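Which chain is which? The protein sequence lines are A and B, in order. Our numbering applies: residue 1 is where the first sequence begins, and numbers increase by one. Our numbering applies: residue 496 is where the second sequence begins, and numbers increase by one. Just so it is clear, CB atoms sit at the ideal spot from N, CA and C, and this is done for glycine as well. Remember, it's a predicted structure, so these values are computed and weren't measured experimentally.
There are 2 protein chains.
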Amino acid sequence: MLLRVRAAVAQLVAGLGAGAGGQPPAEPRGGERGSPAGAAFCRPAFLQLTPEELRRADDHAGRAVQSPRDGRRRLPWSTGYAEVINAGKSQHNEDQACCEVVFVERRPSPRGRLPSGEGGGELDRGRKGFYFHYWALFDGHAGSGAAVMASKRLHLHICEQLRDLVDILQDPSPPPICLPHDARAGPVELSQVPLAEDDGEVPNDAVPRFHLEKAVSHESLVIGAIENAFKHMDDQIERERVSQRLSGGCCALAAVYLMGKFYVANAGDSRAIIIRNGEIIPMSREFTPETERQRLQFLAFLRPELLGKEFTHLEFPRRIQPKELGKKMLYRDQNMNGWAYKKIEEDDLKFPLIYGEGKKARMMATIGVTRGLGDHDLKVFSSNIHIKPFLSCFPEVRVYDLTQYEHCPDDVLVLGTDGLWDVTNDKEVAGVVMEVLTSYEPNDPCRYTMVAQELVVRSRGVLKERGWRLANDKLGSGDDISVFVIPLGGPGNYT
Amino acid sequence: MLLRVRAAVAQLVAGLGAGAGGQPPAEPRGGERGSPAGAAFCRPAFLQLTPEELRRADDHAGRAVQSPRDGRRRLPWSTGYAEVINAGKSQHNEDQACCEVVFVERRPSPRGRLPSGEGGGELDRGRKGFYFHYWALFDGHAGSGAAVMASKRLHLHICEQLRDLVDILQDPSPPPICLPHDARAGPVELSQVPLAEDDGEVPNDAVPRFHLEKAVSHESLVIGAIENAFKHMDDQIERERVSQRLSGGCCALAAVYLMGKFYVANAGDSRAIIIRNGEIIPMSREFTPETERQRLQFLAFLRPELLGKEFTHLEFPRRIQPKELGKKMLYRDQNMNGWAYKKIEEDDLKFPLIYGEGKKARMMATIGVTRGLGDHDLKVFSSNIHIKPFLSCFPEVRVYDLTQYEHCPDDVLVLGTDGLWDVTNDKEVAGVVMEVLTSYEPNDPCRYTMVAQELVVRSRGVLKERGWRLANDKLGSGDDISVFVIPLGGPGNYT
């Protein structure tokens with residue numbers, strides 16, 4: 001389905017205005033600083049909302065569910081998407097989404113470094129490279145700036161990281177441990193690497209073989225590329241946050257489909273699951289003060305100055321009162337998973353670094369997620385204590401090899417922000433997926449959109465006198481909710 | 496089977512000479528500093544080896560397998576045990592083992608703190624407390640001192656930690672978050688805690704209830720007690736290593752059976768699995784430079800002074816040669832699971848903190864395990880760089896609730912040092928277990944010893960011209976091998 005891919009790429013270029021199609025994203029060394037970087041509030045380009053529709057989507061009272069307009073063939077693979085705004089917790093919908101097909105073009109060879117000047121030019125004209133498919137959700141907090149920018153740029157950073165790997169990933173032999181000399185301080189020159197099916201270039205000096213040499217897989221190079229792309233995205237937000245008036249931070253969940261494999265990268269508390277033949281396969285885990293307790297406590301223990309004399313790295317089951325000094329209280333430190341009693345000392349009266357349980361768990365009494373992009377200016381309320389040193393912008397990447405299994409049209413990858421998962425668990429999501437898909441023909445391309453809409457509607461609930469309520473009369477999610485439903489099987493779905 | 500338990504306790508007291516039966520282990524504040532702390536080389540007390548047998552067990556050429564002598568009812572629950580010395584890698588067998596039934600006696604109430612002076616005395620005379628069963632393996636390195644001492648003391652440290660919890664663990668209501676005032680700087684006085692079925696003591700001031708209060712389970716108190724017991728054991732080795740001439744360090748794997756649950760605590764590269772109805776349930780994971788890479792790199796990144804200008808916290812797939820400066824090489828740092836290329840700089844020529852793969856992976860080119868006890872004086876060869884700051888003495892504790900499943904006499908918990916697992920994988924161990932058990936009557940108490948012996952023999956192999964060989968002619972384990980086979984089911988096995 002190359003035609004569809006090309007169309008998608010064209011749409012991508014049109015939608016972004018700059019930097020798409022394998023060109024590097026706006027970096028300080030680039031010439032794009034004056035271009036619109038996309039920090040202004042908007043909804044995903046693929047929704048193609050008119051101003052009137054945008055106003056309706058922004059209505060906290062109505063909370064109308066949004067999906068791509070005609071529901072047909074809008075997104076690659078007939079991907080389903082739906083979103084709804086929160087019930088008033090923030091002015092705008094702070095979730096953002098992106099779905100693209102991106103061409104990764106091999107970086108041109110530097111002039112004058114090849115035995116003959118012709119080779120490089122020929123390769124450039126042939127646009128050597130490959131495509132990857134990309135879906136991502138960004139759940140913003142404390143403003144939408146970081147989420148908006150990440151939704152417009154993260155895939156370009158991934159593309160940029162992959163450009164150095166075009167030849168290596170297409171060569172079945174193991175990746176070279178070391179690449180030959182590159183006199184320029186610029187990016188890696190893969191055209192200098194000896195490749196089995198390439199243009200016969202020979203490096204200046206052959207890489208010797210070592211007795212102890214770790215084998216590194218192609219897969220782990222893609223994982224490394226995605227990890228570093230998240231880091232570059234975070235760096236770009238840091239650099240441009242003042243000039244672009246970028247506010248807040250965001251969780252990021254991205255799925256990259258490349259050469260038969262899904263790479264699901266998660267930094268934050270969004271979640272991805274695969275539903276295959278009714279079985280649930282978790283494709284991510286959440287990063288919160290509770291799940292990352294030991295990393296955070298370890299950092300605070302080693303760098304107590306980051307706590308600003310306001311916090312203790314120890315965890316206690318509740319606040320301690322000054323009058324309890326000298327009593328024994330349950331605690332745990334960074335080395336423990338269990339609990340023990342300790343005598344309360346003066347230092348223990350400080351606020352615990354990690355405090356609260358479940359959705360109410362907070363780090364430094366401020367933030368409930370511990371990985372993501374942005375938040376460079378976030379401080380503890382009415383203090384000068386920075387939160388960012390404790391946050392990680394690195395995702396955990398899980399890999400799913402599509403070629404290892406037979407997939408039917410009902411097998412899907414579901415990506416959702418926490419607005420979905422807070423009220424609907426994995427099993428319930430799998431139930432809705434199966435229920436909705438069976439009511440449509442397997443070749444009906446709008447069936448995945450219908451699933452996404454149903455997931456959003458069921459998690460939002462219905463507005464009653466006592467607020468948004470689920471079918472069981474429990475409170476629905478008052479948060480922004482965004483969902484991708486990506487089919488894994490069925491004829492003609494992949495390129 | 497209280498009789499057997501009492502007999503075991505008597506044996507324990509006789510075997511140790513000091514400190515057993517709920518008395519605190521030798522601590523600086525105790526009066527036992529002059530007593531034999533057990534750093535001298537020996538074999539496990541329960542083997543009851545004569546001097547002649549000890550000489551035979553120490554023979555690297557014969558490598559005779561050792562088990563408790565008559566193989567009947569020697570160890571609690573008819574536990575099977577077998578061990579064999581290494582093929583010459585160290586003078587002595589540096590593995591150690593311990594199997595005990597320990598009475599945890601409630602700490603006596605402090606005089607003068609009760610409303611009436613009588614209560615405490617009565618309680619003391621009643622010896623209020625509970626028993627726990629205990630099996631542990633210690634795999635020593637660079638000397639046997641740490642392993643020998645840990646094998647004689649760790650269970651007493653666990654006992655000591657549990658003494659404060661006697662009332663709390665026996666009370667079905669949730670553990671109190673905070674215990675009342677204890678004017679003395681000594682241990683927690685649980686007799687001051689209000690207990691449903693206790694002697695009606697009332698604390699001086701009631702603990703208020705807080706809106707945000709984390710529930711802590713009894714189970715997590717036991718986990719915390721075991722974790723802190725490992726820490727106290729390590730501290731004791733540190734304090735007494737000079738006076739007792741304690742050398743080296745050791746991995747520690749301990750199984751504690753308490754109130755229906757197994758707590759399996761592991762610090763190092765020993766391993767525990769449960770085999771239940773043919774299914775394999777891992778009860779531990781290994782802690783090595785590879786599995787703990789990110790923790791170690793993170794510490795080195797935050798505290799580069801610990802690397803002594805000799806090491807880099809980055810990982811490379813092989814050593815870099817000075818002539819490769821300026822080339823691009825695969826690397827990963829503490830945030831990454833994947834690999835990427837970086838330009839080689841001067842600093843990258845230092846030796847990588849983590850280097851090598853599998854059994855050859857080393858931290859600081861020195862040690863292949865990253866958790867355990869001892870090693871306080873370990874340094875990088877011919878340098879002043881200490882290894883200990885990177886090692887953790889804290890175990891990971893996994894819990895298995897025996898009451899949640901029906902167990903048959905063929906269900907077992909297997910503990911083994913790496914000498915076993917290096918050549919025999921989980922599945923092969925499960926195969927041997929099933930094969931041997933079926934050839935004995937279910938009520939034959941020596942069947943678990945037969946399993947342990949067979950596991951050791953198969954991993955050691957048979958001495959041929961080209962060394963110790965397995966049945967498939969591959970090299971057998973040249974390491975010390977120690978195995979416990981603990982039955983989980985069968986009539987009359989538990990007390």
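Interface flag, residue i vs chain B, CB-CB below 7 Å
i, result
"A/R29", "Residue confidence is low: A/R29 scores 35 on pLDDT, short of 50, so the model does not pin down where it sits. Its coordinate-derived value is still stated next. Chain B contact via Cβ: absent."
"A/K327", "yes"
"A/N228", "yes"
"A/N277", "no"
"A/S220", "yes"
"A/L349", "no"
"A/R318", "yes"
"A/W468", "no"
Beta carbon of residue i nearer than 7 Å to that of residue j
i, j, result
"A/C250", "A/A147", "yes"
"B/G638", "B/G763", "no"
"B/G971", "B/R961", "no"
"B/R602", "B/R648", "no"
"B/E810", "B/P784", "no"
"A/N93", "A/D333", "no"
"A/I85", "A/R63", "yes"
"B/Q656", "B/N761", "no"
"A/P175", "A/L221", "yes"
"B/L932", "B/R942", "yes"
"A/I354", "A/R293", "yes"
"A/H218", "A/H157", "no"
"B/K709", "A/E357", "yes"
Nearest residue (CA-CA) to residue i, options the options
i, options, result
"B/G773", "B/E930, B/S887, B/L791, B/I721", "B/E930"
"B/K822", "B/K838, B/D666, B/L802, B/T944", "B/K838"
"A/D348", "A/G368, A/T312, A/N335", "A/T312"
"A/R69", "A/G140, A/Q48, A/Y263", "A/Q48"
"B/E800", "B/I880, B/A835, B/E781", "B/I880"
"B/F541", "B/D554, B/A556, B/E578", "B/E578"
"A/P389", "A/I273, A/V399, A/L378, A/V101", "A/L378"
"B/I721", "B/G973, B/Y758, B/M754", "B/Y758"
"A/Y341", "B/C654, B/G635, B/L660", "B/L660"
"B/D905", "B/T944, B/H555, B/V957, B/A860", "B/T944"
"B/L915", "B/D896, B/V892, B/P937, B/V946", "B/V946"
"A/I274", "A/L413, A/P317, A/I237", "A/L413"
"B/P982", "B/V894, B/P937, B/D634, B/Q739", "B/P937"
"B/G624", "B/M754, B/R953, B/R857, B/D554", "B/M754"
CB contact below 7 Å: residue i versus chain A
i, result
"B/E930", "no"
"B/C673", "yes"
"B/A532", "Low confidence applies here, because B/A532 scores a pLDDT of 46, under 50, leaving its location unreliable; read the following figure in that light. Closer than 7 Å: no."
"B/E841", "no"
"B/W572", "no"
"B/G614", "With a pLDDT of 39 at B/G614, under the threshold of 50, the predicted position of this residue should be treated as unreliable, and no value is reported."
"B/F598", "no"
"B/I718", "yes"
"B/K969", "no"
"B/K623", "no"
"B/E708", "yes"
"B/A747", "no"
"B/W630", "no"
"B/G926", "no"
Contact set between residue i and chain C, taken where Cβ atoms lie within less than 7 Å
i, result
"B/R798", "Any reference to chain C falls outside this structure, whose protein chains are A and B."
**Asked** Can you give, in chain order, each stretch of the beta strand (DSSP E) that sits fully within the region 439-483 of chain A and has at least 3 residues?
**Response** 462-464, 467-469
**Asked** At which residue ranges does the region 748-829 of chain B contain complete beta strand (DSSP E) runs of 3 or more residues, listed in the order of the chain?
**Response** 756-762, 766-771, 774-777, 823-826
**Prompt:** What residues in the region 375-403 of chain A have a beta carbon less than 7 Å from any beta carbon of chain B?
**Reply:** S392, F394, V397
**Asked** Taking Cβ-Cβ distances below 9 Å as the criterion, which residues of the region 401-421 of chain A are in contact with chain B?
**Response** none
**Request:** Could you please tell me which residues of the region 849-862 of chain B, in chain order, have their CB closer than 8 Å to any CB of chain A?
**Result:** Y850, G851, E852, K855
**Request:** Give the residues from the region 257-273 of chain A that approach chain B closer than 8 Å (Cβ to any Cβ), ordered along the chain.
**Result:** From the region 257-273 of chain A, no residue has a Cβ closer than 8 Å to chain B.
**Message:** If the cut-off is 7 Å on Cβ atoms, which residues from the region 140-174 of chain A count as contacting chain B, listed in chain order?
**Reply:** Correct list: D164.
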